[in-house]
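S.K.: Could you have a look at this structure, given as structure tokens, before my questions?
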Amino acid sequence: MITVTLGTIPFAFNRAIDWLERLLSAGVISESVFVQHGTTDVSILAKYSFVTTTPIVETSFLMKTIGESRLIVSHAGQGLTRGLAAQGACFILVPRLSRYNEHIDDHQLWFARGVEKLGITHCTSLDNFEQAVKCPPPSFKGQIFDEPRLAEHLMQIYPR
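Following my numbering, the numbering of the sequence shown begins with 69 at its first residue and continues without gaps.
Shown next as structure tokens:
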């Protein structure tokens, strides 16, 4: 199974859905696919009986689905990337880009480029994406951030 998670921000991520549909129609992807799509229109995927879509999921359900997937395709949000890395998942990042109105700026691209040196693959073209789906990277082994999460850090400094 492939899990695709696009986040829940109020910007459509049509490029990711278009790429997914192209690989589905070409037969590159023929296994079950779970898509968490947020505000993105996924009606183009309705013709594929093995594709399940939902706008929002509970974190526990998403993590369970991720654990059952051979590959996760994710937006390049730092929180989810950290969760995927901590779970040792096999994943690729597709950063949202401002030039396509997928986000307000290119911070996801900057982040994806930053974690690339740790062995995390990111895709900015259909060709990159197809290659990564056909030949996924190994499951991530390691840690992205050495520091605690901001909330954890603040709780240590300001105990109740």
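Ideal Cβ positions, reconstructed from N, Cα and C, are used throughout, including at glycine.
Using the Cα positions of Ser-111 and Gly-210, report the straight-line distance between them to the nearest angstrom.
M.R.: For the purposes of this step, residue 111 is taken as the residue at position 43 of the sequence shown. For the purposes of this step, residue 210 is taken as the residue at position 142 of the sequence shown. Roughly 37 angstroms between the two C-alpha positions.
S.K.: Put Val-103 into one of helix, strand or coil per three-state DSSP.
M.R.: Numbered from 1 along the sequence shown, position 35 holds the residue referred to as residue 103. It is a strand residue.
S.K.: Out of Met-69, Thr-76, Pro-78, Asn-82, state which residue places its alpha-carbon closest to the alpha-carbon of Tyr-168.
M.R.: The count along the sequence shown starts at 1 and reaches residue 168 at position 100. The option with the nearest alpha carbon to Tyr-168 is Asn-82.
S.K.: Specify whether the region 161-175 and the region 132-139 touch according to this definition: at least 3 beta carbon pairs, one from each stretch, less than 8 angstroms apart.
M.R.: The region 161-175 is not in contact with the region 132-139.
S.K.: If I follow the unbroken alpha helix (DSSP H) through Leu-74, where does it start and stop?
M.R.: Within the sequence shown, residue 74 is the residue found at index 6, counting from 1. Run containing Leu-74: none; DSSP gives neither H nor E here.
S.K.: Do the CB positions of Val-101 and Ile-70 come within less than 8 angstroms of each other?
M.R.: Stepping through the sequence shown from its first residue, residue 101 is reached at position 33. Stepping through the sequence shown from its first residue, residue 70 is reached at position 2. A contact, by the Cβ cut-off of 8 angstroms.
S.K.: With DSSP collapsed to three states, give me the class of Ile-10.
M.R.: The requested residue 10 does not occur in the structure, where the chain is confined to residues 69 to 228.
S.K.: Sorted by chain position, which residues of the same chain lie with C-beta nearer than 8 angstroms to Gly-124's C-beta, five sequence neighbours on each side aside?
M.R.: Counted from its first residue, the sequence shown places residue 124 at position 56. In the sequence as presented, Gly is not what sits at residue 124; that position holds Ile. So the list reads Thr-76, Gln-104, Gly-106, once near-sequence residues are dropped.
S.K.: Counting only runs that start and end within the region 104-138, where is the beta strand (DSSP E) found for 3 or more residues in a row?
M.R.: The region 104-138 contains these whole beta strand (DSSP E) runs: 119-122.
S.K.: From Pro-204 to Leu-194, what does the alpha carbon distance come to, in whole angstroms?
M.R.: If you number the sequence shown from 1, residue 204 lands on position 136. If you number the sequence shown from 1, residue 194 lands on position 126. Those two C-alpha atoms are separated by around 15 angstroms.
S.K.: Taking 8 angstroms as the cut-off, decide whether the C-beta atoms of Phe-213 and Ile-188 are in contact.
M.R.: Taking the sequence shown and counting its residues from 1, the one referred to as residue 213 is at position 145. Taking the sequence shown and counting its residues from 1, the one referred to as residue 188 is at position 120. No, they are not a contact pair.
S.K.: If you drop the 5 nearest sequence neighbours on each side, which residues of the same chain put their C-beta closer than 7 angstroms to that of Leu-91?
M.R.: Numbered from 1 along the sequence shown, position 23 holds the residue referred to as residue 91. Contacts found: Ile-97, Glu-198, Val-201.
S.K.: Are Val-183 and Thr-149 touching if we call contact CB-CB under 8 angstroms?
M.R.: Numbered from 1 along the sequence shown, position 115 holds the residue referred to as residue 183. Numbered from 1 along the sequence shown, position 81 holds the residue referred to as residue 149. Their beta carbons are under 8 angstroms apart, which means Val-183 touches Thr-149 by this criterion.
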